[in-house]
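Student: Got a structure here, written out as structure tokens. Questions coming.
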Amino acid sequence: MKRTDLLLYAHRAAMGCVALLLLLAGFWSSWDTAQHVLLAKGREHGTLTVAGCGDDTCTGPYDPEGSPPPRSGMTIEKSVAVKKAARLPVVVKPGTDEVVRTGTAGVLHAWVPMGGALVLAGLVIGGGLRLTRLAWGTAAAGGALLVGAFLAL
653 MKRTDLLLYA HRAAMGCVAL LLLLAGFWSS WDTAQHVLLA KGREHGTLTV
703 AGCGDDTCTG PYDPEGSPPP RSGMTIEKSV AVKKAARLPV VVKPGTDEVV
753 RTGTAGVLHA WVPMGGALVL AGLVIGGGLR LTRLAWGTAA AGGALLVGAF
803 LAL
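Take any residue in the sequence shown, count from 1 to its spot, add 652: that is its number in the numbering used here.
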């Protein structure tokens, strides 16, 4: 085996590891929020009315479904689509005063980091591994996820 062949294999292995690391990081970052939306059975559901927003979060009164009493001071991650007095369907993160948006918009918003990771991995797959069809497919899936989240919010 020639030295250039070894370098080629090492290069491909390194680029494959970088692409895999990007995808794992995107999944891990998304799962922190997505688990509460996707596995919402048995969690407390309700509606948050946005009263005001700070730099990173918005707060407001929370009206739960069922018998629990309404609570104030619940927080949700701020997004560009949140407006004052908006009523959002949410699920409460267990053991916290933090809520996560549910429904299609909530699912897509939770997976936004994975969409960005797919786009970046597409660049690594195309440029580093020279697998253009796989790169276009990966980047297109990430782009579709990002556009879908933008339109849903």
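Each residue gets a CB set at the ideal place from its N, CA and C atoms; glycine is no exception. Only a predicted model underlies this, so the values are computations on that prediction, with no experimental measurement involved.
Decide if Leu674 is buried, meaning its Cβ has at least 16 other Cβ atoms within 10 Å, or exposed.
Tutor: A buried status is given to Leu674, since no fewer than 16 other beta-carbon atoms sit within 10 Å of its beta-carbon.
Student: Can you give me the Cβ contacts of Leu798 inside the same chain, cut-off strictly under 6 Å, excluding the 5 residues immediately before and after it?
Tutor: Gly767
Student: The beta strand (DSSP E) with Leu805 in it runs from where to where?
Tutor: No beta strand (DSSP E) holds Leu805; DSSP gives it neither H nor E.
Student: Name the DSSP bridge partner or partners of Glu729?
Tutor: Thr709
Student: For Trp624 and Gly704, what's the separation of their Cα atoms in angstroms?
Tutor: The requested residue 624 does not occur in the structure, where the chain is confined to residues 653 to 805.
Student: In three-state DSSP terms, what is Val670?
Tutor: In the displayed model, Val670 falls within a helix according to three-state DSSP.
Student: Pick helix, strand or coil for Arg782, following the three-state DSSP scheme.
Tutor: DSSP places Arg782 in coil when its eight states are reduced to three.
Student: Taking the alpha carbon of Gly755 as the reference point, which residue from Met667, Ala787, Val689 has its own alpha carbon closest?
Tutor: The shortest Cα separation from Gly755 among Met667, Ala787, Val689 belongs to Val689.
Student: Is it the case that the Cβ atoms of Pro741 and Gly678 are separated by a distance below 8 Å?
Tutor: no
Student: Using the three-state DSSP reduction, which class does Leu691 fall into: helix, strand or coil?
Tutor: coil
Student: If you count every other CB in all the chains shown that lies within 10 Å of the CB of Leu700, and 16 or more means buried, which is it?
Tutor: buried
Student: Output the residue ranges of the alpha helix (DSSP H) runs that lie fully inside the stretch 721-767 and measure 4 residues or longer, sorted by chain position.
Tutor: 755-762
Student: CB-CB under 6 Å to Arg695, same chain, minus the five flanking residues each way: which ones, in chain order?
Tutor: Val743
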